[in-house]
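With the UniProt record's numbering applied, the sequence shown covers 1 to 145. C-beta: ideal position from N, C-alpha, C; glycine also. Working notes, beginning with the structure itself.
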Amino acid sequence: MVCLGNICRSPLAEGILRSKLSNSFIVDSAGTGNWHVGNAPDPRSIATAKSHNIDISNLKGRQFTKNDFADFDYIYVMDNQNYKDVIALATTEEDKAKVQLILDTIFPGERVDVPDPYYGLQDGFEKVYEMLDEACESIAAKLTK
Numbered sequence: 001m002v003c004l005g006n007i008c009r010s011p012l013a014e015g016i017l018r019s020k021l022s023n024s025f026i027v028d029s030a031g032t033g034n035w036h037v038g039n040a041p042d043p044r045s046i047a048t049a050k051s052h053n054i055d056i057s058n059l060k061g062r063q064f065t066k067n068d069f070a071d072f073d074y075i076y077v078m079d080n081q082n083y084k085d086v087i088a089l090a091t092t093e094e095d096k097a098k099v100q101l102i103l104d105t106i107f108p109g110e111r112v113d114v115p116d117p118y119y120g121l122q123d124g125f126e127k128v129y130e131m132l133d134e135a136c137e138s139i140a141a142k143l144t145k
């Protein structure tokens, strides 16, 4: 799960997907930028997750690296800019094929962004949660077939 800073959308997506899968799956998140490396998720993301019985308070921000292509089979990005930034780090067609906009799982081919709630209010985080929950439900169904 990849967003810009790894404190709002991607840790929320990580927590949601983890809640839908067994521990045999490795789910992680990262940001394309390095501003929040080592930081906990935004308190509003933590509160939103907690209101849905998901604990993301122990997650720490990290930056996406080229190594993530080797470490993960699927790379879900939150918006079109994240997609461009991650694709720019890919060195093979196989790497590029791993990258997908997360909302393409529910809106195939529409290239819909998950809005960044960082500069908004708490209700924006809840709306993002609802989008990510639906997308993660689709991802979990695909992975557990």
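Near residue i, which residues of its chain fall below 7 Å by C-beta distance, leaving aside the five closest residues on each side in sequence?
i, result
"alanine 30", "Val2, Asn6, Ser10, Arg62, Gln63, Phe64 and Asp68"
"serine 57", "Ala40 and Ile46"
"lysine 20", "Cys136, Glu137 and Ala140"
"tyrosine 83", "Val77, Val99 and Leu101"
"tryptophan 35", "Gly5"
"glycine 38", "Lys60 and Gly61"
With a CB to CB cut of under 6 Å and the five nearest residues on each side skipped, what residues in its chain are close to residue i?
i, result
"leucine 89", "Lys66"
"aspartate 55", "none"
"arginine 18", "Val27"
"aspartate 85", "Thr32"
Can the beta-carbon of residue i be found closer than 8 Å to that of residue j?
i, j, result
"glutamate 126", "threonine 48", "yes"
"leucine 132", "valine 112", "no"
"aspartate 71", "lysine 98", "no"
"phenylalanine 25", "leucine 143", "yes"
"histidine 52", "tyrosine 129", "yes"
Would you kindly report the start and end of the unbroken beta strand (DSSP E) that includes residue i?
i, result
"isoleucine 75", "75-77"
"valine 99", "99-101"
Name the residue from the options whose alpha carbon lies nearest to the alpha carbon of residue i.
i, options, result
"alanine 13", "Ser24, Asn23, Leu4 and Asp28", "Asp28"
"leucine 4", "Leu59, Ile106 and Asp116", "Asp116"
"lysine 145", "Ser22, Gly15, Ile16 and Cys8", "Ser22"
"isoleucine 106", "Asp123, Gly124, Asp79 and Glu134", "Glu134"
"isoleucine 16", "Lys50, Arg44 and Val37", "Lys50"
"proline 43", "Cys8, Arg18 and Ile75", "Cys8"
Name the two residues that bound the continuous alpha helix (DSSP H) containing residue i.
i, result
"valine 128", "122-143"
"glutamate 14", "9-20"
"lysine 84", "80-89"
"asparagine 67", "67-71"
"lysine 50", "43-51"
By Cβ distance below 8 Å, which residues in the same chain neighbour residue i in space, the five residues on each side in sequence not counted?
i, result
"lysine 96", "Ile87 and Ala90"
"glutamate 93", "none"
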